[in-house]
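Chains as they are written, first to last, in the working numbering: chain A, 90 to 446; chain B, 90 to 446; chain C, 20 to 344; chain D, 20 to 344.
First comes the structure, then the notes that go with it.
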Amino acid sequence: MRPDITYTEAVREALDFCLSDDENVFVVGEGVPDPKRIFNTTAGLLEKYGPQRIMDMPLSENALTGMCIGSGLVGMRPVMIHQRTDFAYLAFDQIINNAAKWNFMFNGQGQVPMVIRMMIGRGWGQGPQHSSSPQALFSHIPGLKVVMPSRPYDAKGMLIQAIEDNGPVIFLEHRWLHHMKEAVPEEPFREPLGKARIVRSGNSLTLAAFSYSVIEATKIADAFKKHGIEIETIDMRSASPMDHQTVAASVRKTGRLLVLDTSWITCGVAAELVARVSEEAFKELKAPPARVALPDLHAPTSPTLSKEFYPTPQGIGEKILKTLSIETSSDKGSLILNDLTTDEPLDVPFLDFKGPF
Amino acid sequence: MRPDITYTEAVREALDFCLSDDENVFVVGEGVPDPKRIFNTTAGLLEKYGPQRIMDMPLSENALTGMCIGSGLVGMRPVMIHQRTDFAYLAFDQIINNAAKWNFMFNGQGQVPMVIRMMIGRGWGQGPQHSSSPQALFSHIPGLKVVMPSRPYDAKGMLIQAIEDNGPVIFLEHRWLHHMKEAVPEEPFREPLGKARIVRSGNSLTLAAFSYSVIEATKIADAFKKHGIEIETIDMRSASPMDHQTVAASVRKTGRLLVLDTSWITCGVAAELVARVSEEAFKELKAPPARVALPDLHAPTSPTLSKEFYPTPQGIGEKILKTLSIETSSDKGSLILNDLTTDEPLDVPFLDFKGPF
Amino acid sequence: MPIQIPEQVKPYYEMLRIRLVEEALAERYSEQEMRCPMHLCIGQEAVPVGVCSALKTSDMVFGNHRSHGYYLAKGGDLNKMTAEIYGKVDGCCGGRGGSMHLIDLDVNFMGCTPIVAGTVPLGLGTGLASKLRGNDQITVVFFGDGCFEEGVVHESFNYAALMELPVIFVCENNEYSVYTNLESRQPDRPMNKIAEAHGWDVGSGNGNDLNQVAKITQQAVSRIKAHGRPQFLEFDTYRWLEHCGPNEDDHLDYRPADQVASWKKKCPVLQMQTQLLSEKSISQEELDSYRQSILEEIELSFNFAKASPFPSPESLYQFSNTNPS
Amino acid sequence: MPIQIPEQVKPYYEMLRIRLVEEALAERYSEQEMRCPMHLCIGQEAVPVGVCSALKTSDMVFGNHRSHGYYLAKGGDLNKMTAEIYGKVDGCCGGRGGSMHLIDLDVNFMGCTPIVAGTVPLGLGTGLASKLRGNDQITVVFFGDGCFEEGVVHESFNYAALMELPVIFVCENNEYSVYTNLESRQPDRPMNKIAEAHGWDVGSGNGNDLNQVAKITQQAVSRIKAHGRPQFLEFDTYRWLEHCGPNEDDHLDYRPADQVASWKKKCPVLQMQTQLLSEKSISQEELDSYRQSILEEIELSFNFAKASPFPSPESLYQFSNTNPS
Ligand SMILES: Cc1ncc(C[n+]2csc(CCOP(=O)(O)OP(=O)(O)O)c2C)c(N)n1
Ligand SMILES: Cc1ncc(C[n+]2csc(CCOP(=O)(O)OP(=O)(O)O)c2C)c(N)n1
Ligand SMILES: [Mg+2]
Ligand SMILES: [Mg+2]
């Protein structure tokens, strides 16, 4: 077997496959063919497919989104890239008013088989305008699929699926996932959009997580496991369609739910998941469902504020203990929290990171 | 006492008062001084305050939003108007990246005391691009207040409060509310942003509703009352801040919750309310919390599709019965549903409406 | 066309047909069966017909909120349009859209939508596809003077010039956006100069003169074939009726009375008719027979629309791409 | 300024100060204590200083992601800037923003933010307020050649011309947006012509020549005073270091090697210095004393920044306007 590959490389392989497989696929975005190749996710593509299919663009996010939509109407399959989600707000008009609606409002005439890759920034001063996580905004809009794979395997399989999908797909990549590695098949494969994945099973609590939160969830589940508490950890993978069925089935077993999300708490995707599970698995819930997400504030730059802003393992651990009705001051509670205590900075993806990014 | 006034007139009185009270207030929007005067909500203002304060604008939603924000930074108090919410998507960049963030990201330096009035369209072919209800989108963004008064009294009191607020406020007016009438004091007064209002008390179920849904809720509560079922009806009035406390307190009494909203169900404000109440009043809930909102589809034009798309009194009634564990086929159930049955068209605000609007 | 029309009379016939269709729509609107906003182009028929006369069926057209004329001029199916306005299942979008959402892919009328400037950048995409594929399809986007104020139009100017896209933007300058006149929205300078400064070829003319519109458009088409640069055309014209709806609205006094009157004197249909008669290209009898035949066609289209069933409630759930459940 | 500087030498001093501040920032960036993206303007100092030399303190300035120069040239507090970059409580936004979010309302540096074109329309609002209030405050918005491609800039052209707002847009054309050159983003035509077509007065010049920048800006200011039209100024200049970060990045080969070299020869600071020395406006000793004094000031600002505490975690919740709970 070949060595593990990064999330970045997985994305690149997906693009490479789709470009080779269908000449209608093209990639466009600010910096797509530049030396940094979108954090290397487009490396080598310009050389292989040429400037007509691997395109830079002016800083005109709305018009270029419309351009992609129009090209889709005549059978092209555009992949657009924004290096930060926040730039996509300039294109909300075209994304919402056209991409999301076209096929439905024209009664099935005209497809928009478009993928918009966007990166969620975090830390090292990405700050108020470079770190939003807009899955809830897009998920509220009918006609958009919104996916946020957390591991390289899914990044590859879901990106291929997204590009082959006949409707618009918002593909959210958390910047703190790009360097992560795992074994991923070399050949193309597809993972469904809209299906959650049980990362590990357990019976005391269901921990459902979106995007980078899955990494946090897994670490925390490890810590609890050491103390005999088995947490069922679910990678939601898609925000829309949202696979509440998998979560509800899990909650029927565990009786408890905590949802982790990378965005603001109010009107976030975690609320939707809590609402759906509360509606559907009400009787089986043994404790109030709970959420951990960002406070309703803008991302600050200073590391001390960052640390207060982003969820900490301890903070999540406390919420889990509460849902399990275990006192934080109890022996078990304090042991677990102790294990979760870390003074790693919360503004870098890994310890020896040297900004900027 | 003076005669009842319309919602329209209430809005107009609020603008009139604020313009007279503070010379920094100005009103800007496409058609503000035109003969239709934004459905008459700006009637007479041009004559009284002149073209420097009652301004039309080019079709440049994003730049003009930025203009308003900039004017706010030097102490002006802009009121901007979009005749349909959908036009505001062209200004998402400025609304989210600047208006919502400025004061917070500059550590309290520079205020954006801006109100953006937007109308939610419905029916008579407002269709896919003229009838969205974006309260959830805006409520997800920290730093924005989002209010949606349902009655003339609140329209006046909350608009004055909104204009006097030092931060940005999204003020959503459902087009089907504009003609409604009630007694409203002639003198200025303020109603808080972020406080729900108990429209009528009851002990069998809490029916919390946003904007035009309050009208539907009240009618339905009437029908249930005739059959001895007292529904506590709450006008949420604001989506953000969302007054879940009032709802949770009500649910502690009734044990049951149904939330009505005017937007799509997924990731809507109803999900947030259900999530908060599930988290906080979990023990007191006797039945699964429930939501009635729009299906995740774009608004169709054709009346037959409109009827399927928008919630009907019967549909809401059925959901209530279910939450109350009353069979729809039971005597009581069928009597109530019968009372709620209507063949009024669902694409006009009142029966003798003659489009377009 | 139900009857034979000599080639040189066709554009006139097309204009007359659009006029009569819209007059019929206006007349019947009060029956409350067309339950949607409706923006009529009465008085502006020369632009759609003149422009489309220079296009091939394979060329692509996008419209805006006021698109009956563009749709019909491009060859869109009248029955499907009427049924759409009636919200019926045989409408061109199955009743989902109404008057502001017309589409007929058989003739490459690619769609129109009411968000101002919404379709403008879509034309970049179809234009890019034509260019990448090396075919000769031209894309035309129609919009109004108000639309010119949207930033995306200017982003599009930059991009189409950069990429040398085979697109024609046609700005129908009727001096108003709803009730707001041009002077309240734009400084006093020609729009053309802006497109030109971006590197576009430009043309402008009398939008009520069909021959002029057709000629200017033909020239633009030739320039695209010759050197592939994007083309901006501006035509002056005037809307007779209210912005939205079937009536006149001159009592609202937002337009000078003499302005309305003077533009009505420049009726594109009547001017053309006078010309054809004076040239003896056509006789009064032929004219009458055209009118008769169009009125019959219109009658049939209303019959078609009325007879068509409403879409079934369940059909609402079709084409929801997101949540298959 | 800690030492006395003759009036005619001040602009040079300002440029030198910006250069030395940024060199110090670049040098210390690797210490990992400035934990934020940082866009340096080394090589481009003449534009901020030249433009701001023509402004009064009461005039207002907005910047973008690359704003150290604008902030300092407008008179922003160096200590507060340095502390901001260090994320400290004494930073100009209390550490919330970092390098891309500078503000100093004491000198009417109104703010800068990293969303490209984000501040552009804000200048319309401050401009409108000045006009409505009848005061003589001018608003300047600085932005880059990449920013010019955003639609909102063009909406702003239209609006400012329509309303005759007292604003100056200054476009620093350094030929690149990140690693992408101008030719890949815009057709070959002058930006000036577009602003001009909208009805703006325009000016352009060598952005590395401080005297020229200052003079062109003074003329623009005079034109505003004379007839109130908005002004668009374009200055050619060049960024020496990487787009974001403290290093050179010429190994990436996205810019022709001779281009970088030739622009470095046109260093705005050195050119000015040579001129001053040759004019004998200044002596080498004086020069050395300036440099010394600036380096001391910088040292103090780093001391200030490092000594300043980090904001307390609880302070995060301040100024949240929405959810008071
Ligand atoms: C983005 C947006 N803003 C505002 C509107 C409301 N609106 C609909 S049509 C129209 C006028 C457009 O004027 P113009 O482009 O000149 O076209 P005309 O109606 O004159 O044909 C306006 C403002 C809209 N539909 N979309
Ligand atoms: C709306 C938006 N799109 C993209 C970016 C990413 N970005 C940051 S700076 C920059 C380059 C801007 O170039 P220019 O305006 O010429 O300024 P310069 O960096 O050359 O000073 C880009 C693309 C952004 N911050 N905002
Ligand atoms: Mg017009
Ligand atoms: Mg640049």
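All C-beta atoms, glycine included, are put in the ideal place defined by N, C-alpha and C.
Values in this document were obtained by computation on a predicted structure and should not be read as measured data.
In terms of beta-carbon proximity, A180 (chain C) lines the interface with chain D, with at least one pair separated by less than 8 Å. The region 33-40 of chain D makes no contact with the region 191-210 of chain A: fewer than 3 CB pairs, one atom from each, lie closer than 8 Å.
Shown here, I205 (chain B) sits in a strand according to DSSP, grouped into three states.
For R345 (chain B), the secondary structure class from DSSP, reduced to helix, strand or coil, is coil.
Approximately 6 Å separates the beta-carbon atoms of T295 (chain B) and R345 (chain B); this is inside 8 Å, confirming the contact. In this model, V258 (chain B) and H87 (chain C) are separated by some 38 Å (Cα to Cα).
DSSP places H173 (chain D) within a helical segment (H, G or I) once states are collapsed to three. The beta carbons of A148 (chain D) and M169 (chain B) sit no closer together than 8 Å. In this structure, the CA atom of A188 (chain B) is about 6 Å from the CA atom of V201 (chain B). Where K325 (chain D) is concerned, there is no enclosing beta strand (DSSP E), although the alpha helix (DSSP H) around it starts and stops at 303-326. Of A:Q403, A:H229, A:P231, the smallest CA-CA separation from A312 (chain A) is found for A:Q403. Going by beta carbons, L260 (chain C) and L394 (chain B) fall outside the 8 Å limit.
Shortest Cα-Cα distance from E373 (chain A) to any of A:P384, A:A337, A:Q218 involves A:A337. The beta carbon of G218 (chain D) sits closer than 6 Å to those of A180, all from its chain and outside the five residues before and after it, given in chain order. Spanning the alpha carbons of P167 (chain B) and G120 (chain B) requires a straight line of approximately 16 Å.
Contacts between F193 (chain B) and chain D, judged by CB atoms closer than 8 Å, involve R115, F338, S339, N340 in chain order.
The Cβ-Cβ distance between R173 (chain B) and M146 (chain B) does not fall below 8 Å. Look at S395 (chain B) here: in three-state DSSP terms it is helix. DSSP lists B:I143, B:V168 as the bridge partner or partners of V116 (chain B). In this structure, DSSP gives C157 (chain B) a helical state, which the three-state scheme calls helix. Put simply, the CB of G218 (chain C) is near chain D, with a gap under 8 Å to one of its CB atoms. Per DSSP, the beta-bridge partners of D220 (chain D) are D:Q250.
Against chain C, a Cβ distance below 7 Å from E168 (chain D) picks out E174, N177. In summary, the residues of the region 147-164 of chain B whose CB is separated from some CB of chain D by less than 8 Å are P147, S149, N151, A152, L153, T154, G155, M156, C157, I158, G159, S160, G161, L162, V163, G164, in the order they occur in the chain.
Close to chain D, meaning a Cβ-Cβ distance shorter than 7 Å, are the following residues of the region 245-273 of chain B: G256. Proximity to ligand 4 was defined by a C-beta distance below 6 Å to any of its heavy atoms, and the residues meeting it, in sequence along the chain, are D:G163, D:D164, D:G165, D:N193, D:Y195, D:S196. The nearest non-hydrogen atom of ligand 2 is less than 7 Å from the C-beta of R258 (chain D). When secondary structure is reduced to three states using DSSP, G142 (chain C) falls in the helix class.
With a threshold of 8 Å between beta carbons, P231 (chain A) makes contact with chain C. In this structure, ligand 1 has a non-hydrogen atom nearer than 7 Å to the beta-carbon of Q172 (chain B). Apart from sequence neighbours up to five positions away, the residues of its chain that approach E150 (chain B) with a beta-carbon distance below 6 Å are F176, L179, A180, ordered along the chain. For G357 (chain B), no Cβ of chain D is located within less than 8 Å of the residue's own Cβ. A heavy atom of ligand 2 is found nearer than 7 Å to the CB of E150 (chain A). For ligand 2, a non-hydrogen atom lies closer than 7 Å to the CB of F176 (chain A). R91 (chain A) counts as exposed, since fewer than 16 other beta carbons sit within 10 angstroms of its beta carbon. Residues of the region 124-148 of chain D with a C-beta atom less than 9 Å from some C-beta of chain B are L124, M129, G130, T132, I134, A136, G137, T138, V139, P140, L141, G142, L143, G144, T145, G146, L147, A148, listed in chain order.
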